[in-house]
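Asks:
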Amino acid sequence: MSFNSKQPTSDQQMKAAFAQNPVRQHTAADLVAGLNINTKPTSERKQSVSITMTPTMKQ
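Under this note's numbering, the letters of the sequence shown match residues 7 to 65, in that order.
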């Protein structure tokens, strides 16, 4: 959703969107309660790719 400050309806839409913001309706404690900080995330194996130009590719 985008707002244009030059349109009169956008000001009302913006105020309504901020009033209905789900983050404002829940306290920080509710948002943090579902997080499990003690579990260690599984580490992803990093992969790298290298490309070498051979003489036949350099035409």
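No residue lacks a Cβ here, since even glycine has one placed at the ideal position from N, Cα and C.
What you are looking at is a predicted structure, and each value in this text was computed from that prediction instead of being measured.
Distance check for Thr58 and Ala39, CA to CA, integer angstroms please.
Replies: Translated into the one-based positions of the sequence shown, residue 39 becomes position 33. Translated into the one-based positions of the sequence shown, residue 58 becomes position 52. Each residue's Cα considered, the two are about 50 Å apart.
Asks: Note down the Cα distance separating Met63 from Leu41, rounded to an integer number of angstroms.
Replies: Taking the first residue of the sequence shown as 1, we reach residue 63 at position 57. Taking the first residue of the sequence shown as 1, we reach residue 41 at position 35. So the alpha carbons of these two residues sit roughly 51 Å apart.
Asks: Per DSSP, what kind of secondary structure is Asp15 in: helix, strand or coil?
Replies: Within the sequence shown, residue 15 is the residue found at index 9, counting from 1. Correcting the residue identity first, residue 15 is Thr in this sequence and not Asp. In the structure shown, Thr15 sits in a helix (DSSP, three-state: H, G or I).
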